[in-house]
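Visitor: This is the structure I want to talk about, given as structure tokens.
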Amino acid sequence: MAKADSLGQFEQLVLTAILTLREDAYGVTIQAKVAELARPRAVSLGAVYVTLDRLEDKGMVTSWLSDPTPERGGRAKRCYRLEALGERALQESAVTAKRIWDTISAVWGKEWAREWGKRWGKETG
Amino acid sequence: MAPPKPLEALVSLLIPPACRDEVLGDLYERYTGPSRYILDAAGVVPLVLLSRIRRTVDAEILLMETFALYLSFLAAGRYGTPGLLLAPWGLVRLAIPAAATLLALAIADAYADPAKSSPWQLVRAAAFAVACAFLSQAVLRAGAPEFALPLWVMTFGSAVSMLLLCGLRMLFPPLPLRLIGGNARKSRQDELPAHRGTWKWLALGGAVLILWGSVRHAHLVWPLPVVMTVCLVVFYQRHKRGG
Chain A
16 MAKADSLGQF
26 EQLVLTAILT
36 LREDAYGVTI
46 QAKVAELARP
56 RAVSLGAVYV
66 TLDRLEDKGM
76 VTSWLSDPTP
86 ERGGRAKRCY
96 RLEALGERAL
106 QESAVTAKRI
116 WDTISAVWGK
126 EWAREWGKRW
136 GKETG
Chain E
3 MAPPKPLEAL
13 VSLLIPPACR
23 DEVLGDLYER
33 YTGPSRYILD
43 AAGVVPLVLL
53 SRIRRTVDAE
63 ILLMETFALY
73 LSFLAAGRYG
83 TPGLLLAPWG
93 LVRLAIPAAA
103 TLLALAIADA
113 YADPAKSSPW
123 QLVRAAAFAV
133 ACAFLSQAVL
143 RAGAPEFALP
153 LWVMTFGSAV
163 SMLLLCGLRM
173 LFPPLPLRLI
183 GGNARKSRQD
193 ELPAHRGTWK
203 WLALGGAVLI
213 LWGSVRHAHL
223 VWPLPVVMTV
233 CLVVFYQRHK
243 RGG
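Chains A and E, in that order, are what the protein sequence lines are. Residues 16 to 140 in the working numbering are what the first sequence lists, from first letter to last. Residues 3 to 245 in the working numbering are what the second sequence lists, from first letter to last.
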């Protein structure tokens, strides 16, 4: 299997959104999910499109056009799904993020980690 | 709620055809009012265009086109107005139409419709790009005439550019302008037969030789771009017929 490239933070968010949305992963829903994951940062639809194109070129996701729907003015939607390379890259990113969190917690203490996690949860609503 | 038809039609024109349907559909789905629609479109269109340009531009082909264009104008300047190369900002003046042509070519390829691809599309895009070079000169004449080129240099340089661009684009067509659906775009090397990589380096080497020759012996070298183009067209025809 090809080696997975390392992912940028925004790419991780987009892949996570596609993973959670499953069959319903297309532009609008992916942007909404990424905005939810990245709060309080604002996320634009254009940035999501650029990232989806880049991930598709890397082979981490594939896309297909669905049937047109009246809710979209009779236009199709481009749906996305994770490929094996994308799943692997996302897993590696999650493991790295967990290692960073554990290391920081070890240095600054578990009590700090607990309080910081609570405060961050409140600030982001 | 639906966006007004004229507004939607305007936004539709600005979005590259390869991704027009899904982007318009997404904007339609998010529609809550005209001002929000315009803001959404203003945020989406430039990024979608840039992404499309990134997907349709091949760095190696771009480098060859850059060489071909700049050499054409260098040769025209060297042959038509010999003092131009040594004049203040002379090399920069000759680079301006080449840069304008390259930019227009990138935009033309981004806006090409994958469903309507034809050999004439290659020529049309090259012609559009050369026309944009003339437009850039018209703007310079109005705003900064010291950077504009003499008409003879523009005409000769553009004619040779057009020939070289058409030849290069026939031999090394732009990346497939197909809708990316179900398959990630393959690398350029996957798409081209192995011998084309060799031809690229030969073309690049030939361009360097012509650059050196045109600076030192313009009167001997200027027909070479025409000869090169003829060779490229002959090669393309033979390759098309499987020769």
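In this text, a Cβ means the ideal position worked out from N, Cα and C, and glycines have one as well.
Leaving aside the five residues before and after Gly92 (chain E) along the sequence, list all residues of the same chain whose C-beta is less than 6 Å from its C-beta, in chain order.
Guide: Cβ neighbours of Gly92 (chain E) beyond the five flanking positions: Leu86.
Visitor: Could you have a look at Leu151 (chain E) and say whether DSSP puts it in helix, strand or coil?
Guide: Coil.
Visitor: I want to verify the contact list: residues of chain E whose CB lies under 7 Å from the CB of Ser21 (chain A), in sequence order.
Guide: Going along chain E, no residue has its Cβ under 7 Å from Ser21 (chain A), so there is no contact; the nearest lies around 18 Å.
Visitor: Which residues in the same chain have their Cβ closer than 8 Å to the Cβ of Gly145 (chain E), if we skip the five residues on either side of it in sequence?
Guide: So the list is empty, once near-sequence residues are dropped.
Visitor: Tell me where the alpha helix (DSSP H) around Cys134 (chain E) begins and ends.
Guide: 121-145 is the extent of the alpha helix (DSSP H) around Cys134 (chain E).
Visitor: Quick check: what's the CA-CA separation for Phe25 (chain A) versus Ile45 (chain A)?
Guide: Cα-Cα distance, rounded: 12 Å.
Visitor: Taking the C-alpha atoms as reference points, what is the distance between Trp116 (chain A) and Ala32 (chain A)?
Guide: Each residue's alpha carbon lies about 21 Å from the other.
Visitor: First and last residue of the beta strand (DSSP E) that includes Arg96 (chain A)?
Guide: Residues 93-97.
Visitor: Residues of chain A with a CB under 7 Å from the CB of Ala4 (chain E): which are they?
Guide: By Cβ distance, chain A contributes Gly88.
Visitor: Kindly indicate the opening and closing residues of the alpha helix (DSSP H) around Leu71 (chain E).
Guide: Leu71 (chain E) -> alpha helix (DSSP H) spans 61-82.
Visitor: Counting Cβ pairs closer than 8 Å, one from the stretch 78-90 of chain A and one from the stretch 24-41 of chain E, do we hit at least three?
Guide: Yes, since at least three Cβ pairs between the stretch 78-90 of chain A and the stretch 24-41 of chain E fall closer than 8 Å, the two stretches touch.
Visitor: I'd like the span of the alpha helix (DSSP H) that includes Leu12 (chain E), first residue to last.
Guide: Counting along the chain, the alpha helix (DSSP H) containing Leu12 (chain E) begins and ends at 7-16.
Visitor: Mind checking Ile17 (chain E): buried by the 16 CB within 10 Å criterion, or exposed?
Guide: It counts as buried.
Visitor: Does the CB of Pro48 (chain E) have a neighbour CB from chain A at under 9 Å?
Guide: At least one chain A Cβ lies under 9 Å of Pro48 (chain E).
Visitor: Buried or exposed: Gly183 (chain E), going by 16 or more other Cβ atoms within 10 Å of its Cβ?
Guide: In this predicted model, Gly183 (chain E) has a pLDDT of only 38, less than 50, meaning its place in the structure is not dependable; the value taken from the coordinates is given anyway. Result: exposed.
Visitor: Looking only at C-alpha atoms, which of E:Val59, E:Gly35, E:Arg38 sits nearest to Tyr113 (chain E)?
Guide: Of the candidates E:Val59, E:Gly35, E:Arg38, the one whose C-alpha sits nearest the C-alpha of Tyr113 (chain E) is E:Val59.
Visitor: How big is the Cα-Cα spacing for Ala4 (chain E) and Ala112 (chain A)?
Guide: Roughly 42 Å between the two C-alpha positions.
Visitor: Which residue comes first and which comes last in the beta strand (DSSP E) that contains Thr35 (chain A)?
Guide: Unbroken run through Thr35 (chain A) is the alpha helix (DSSP H), 24-36; no beta strand (DSSP E).
Visitor: Beta-carbon of Ala32 (chain A) versus every beta-carbon of chain E: anything under 9 Å?
Guide: With 9 Å as the cut-off, Ala32 (chain A) does not count as an interface residue toward chain E.
Visitor: Looking at the secondary structure, which residues open and close the beta strand (DSSP E) in which Thr77 (chain A) lies?
Guide: Segment 76-80, the beta strand (DSSP E) holding Thr77 (chain A).
Visitor: Should the stretch 61-69 of chain A be called in touch with the stretch 40-49 of chain E, which here means at least 3 C-beta pairs below 8 Å?
Guide: They touch, by the three-pair rule.
Visitor: Please confirm if Asp115 (chain E) has its CB atom under 9 Å from at least one CB of chain A.
Guide: Not one chain A Cβ lies under 9 Å of Asp115 (chain E).
Visitor: What residue range does the alpha helix (DSSP H) around Leu93 (chain E) cover?
Guide: Taken as a continuous stretch (DSSP letters only), the alpha helix (DSSP H) holding Leu93 (chain E) covers 92-112.
Visitor: How is the alpha helix (DSSP H) around Lys48 (chain A) delimited, first residue to last?
Guide: Here the alpha helix (DSSP H) through Lys48 (chain A) covers 42-53.
Visitor: State the Cα-Cα distance for the pair Ser123 (chain A) and Leu36 (chain A), rounded to the nearest angstrom.
Guide: According to the sequence displayed, residue 123 (chain A) carries Trp and not Ser. Going from the Cα of Trp123 (chain A) to the Cα of Leu36 (chain A) covers about 35 Å.
Visitor: For the alpha helix (DSSP H) that contains Trp28 (chain E), what are its first and last residues?
Guide: Position check: residue 28 (chain E) holds Asp in this sequence, whereas Trp was assumed. Element bounds for Asp28 (chain E): 22-31.
Visitor: What is the DSSP secondary structure of Arg7 (chain A), counted as helix, strand or coil?
Guide: Absent from the model: residue 7 (chain A). The displayed extent of chain A is 16 to 140, so no value can be given.
Visitor: So Ser14 (chain E) contacts chain A; which residues on that side make the cut at Cβ distance below 9 Å?
Guide: Neighbours of Ser14 (chain E) on chain A: none; closest Cβ ~10 Å, over 9 Å.
Visitor: Taking only the alpha-carbon atoms, compute the straight-line gap between Gly45 (chain E) and Ala53 (chain A) and give it to the nearest angstrom.
Guide: Cα to Cα, Gly45 (chain E) sits roughly 19 Å from Ala53 (chain A).
Visitor: Using a Cβ-Cβ distance cut-off of 9 Å, determine whether Lys92 (chain A) contacts chain E.
Guide: So, interface residue.
Visitor: Can you grab the Cα-Cα spacing for the pair Pro99 (chain E) / Phe136 (chain E), in whole Å?
Guide: Cα to Cα, Pro99 (chain E) sits roughly 7 Å from Phe136 (chain E).
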